[in-house]
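S.K.:
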């Protein structure tokens, strides 16, 4: 997989050399750097993409991901705030901001964002999974179980094991423990 991102970066390098005003090339190269874990380079490219096209919500979302990976959740939230301001229907930006709030132990705010992400895109399995985690943090296992069911139903990749309830406390009734 790493080779594919490196190939993509080489292609975006060429695009930038042909047209240094091509915001999309900087944004996409930044996303590839992010996937390679080269977060400072990713942020530099996202900064340039935003300078060239400050109305692109996806670029703010991607830069927020880089800041989040660096543990700079305040800066990440600022980017997701801007992404949401630019595109109030951007479900993944709500989801990502919710993850940042969860990392800051602002669990209720995180749940509000996961709720909005799900309202905007009921098929967003990842939002159910993260909301389940937040419910566990608040000791609301029944709601966590329902969200785990939904995440697993929508995308088998989000089933945490053959039994998605394995990480819940053993005192929580689940379909396999009744």
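Numbering (the numbering used here), first residue to last: 1 to 178.
Ideal Cβ placement from N, Cα and C applies to all residues, glycine included.
Because the structure is a prediction, the values reported are computed rather than measured.
Using a Cβ-Cβ cut-off of 6 Å (strictly less than) and excluding sequence neighbours within five positions of residue 175, which residues of its own chain qualify?
M.R.: In this prediction, residue 175 has a pLDDT of 45, which is less than 50 and means its spatial position is unreliable; what the coordinates show is noted afterwards. Result list for residue 175: empty, nothing under 6 Å.
S.K.: Might you give, ordered along the chain, the residues of its own chain that have their beta carbon closer than 8 Å to the beta carbon of residue 34, omitting 5 neighbours on each side?
M.R.: Around residue 34: 42, 62, 65, 66 and 69.
S.K.: Specify the secondary structure class of residue 47 as computed by DSSP and reduced to three states.
M.R.: Residue 47: helix per DSSP, three-state reduction.
S.K.: For residue 8 and residue 150, what's the separation of their Cα atoms in angstroms?
M.R.: Their backbone Cα atoms lie some 34 Å apart in a straight line.
S.K.: Do you know offhand how far residue 97's Cα is from residue 143's?
M.R.: Distance between the alpha carbons of residue 97 and residue 143 is about 21 Å.
S.K.: When you compare the CB positions of residue 91 and residue 49, do they come within less than 9 Å of one another, or not?
M.R.: No, these two residues do not count as a Cβ contact at 9 Å.
S.K.: Starting from the C-beta of residue 134, find all residues in its chain whose C-beta is less than 6 Å away, skip the five residues before and the five after it, and write them out in chain order.
M.R.: Correct list, in chain order: 102, 107, 110 and 111.
S.K.: To which residues of the same chain is residue 172 closer than 6 Å at the C-beta, ignoring the five residues directly before and after it?
M.R.: For residue 172, the predicted structure reports a pLDDT of 43, less than 50, and the residue's modelled location is therefore unreliable. The matter cannot be settled from this model.
S.K.: For the segment 76-142, list the alpha helix (DSSP H) runs that are entirely contained and at least 4 residues long, ordered along the chain.
M.R.: Whole alpha helix (DSSP H) segments, 4+ residues: 91-103, 107-120 and 125-137.
S.K.: Let's test the definition: count the other Cβ atoms within 10 Å of the Cβ of residue 27 and tell me whether it reaches 16, buried, or not, exposed.
M.R.: By the neighbour-count rule (16 or more Cβ atoms within 10 Å), residue 27 is buried.
S.K.: Could you tell me the distance, in whole angstroms, from the CA atom of residue 100 to the CA atom of residue 84?
M.R.: Between residue 100 and residue 84, the C-alpha separation is close to 14 Å.
S.K.: Where does residue 155 sit, in a helix, a strand or coil, going by DSSP?
M.R.: Three-state DSSP puts residue 155 in coil, outside helix and strand.
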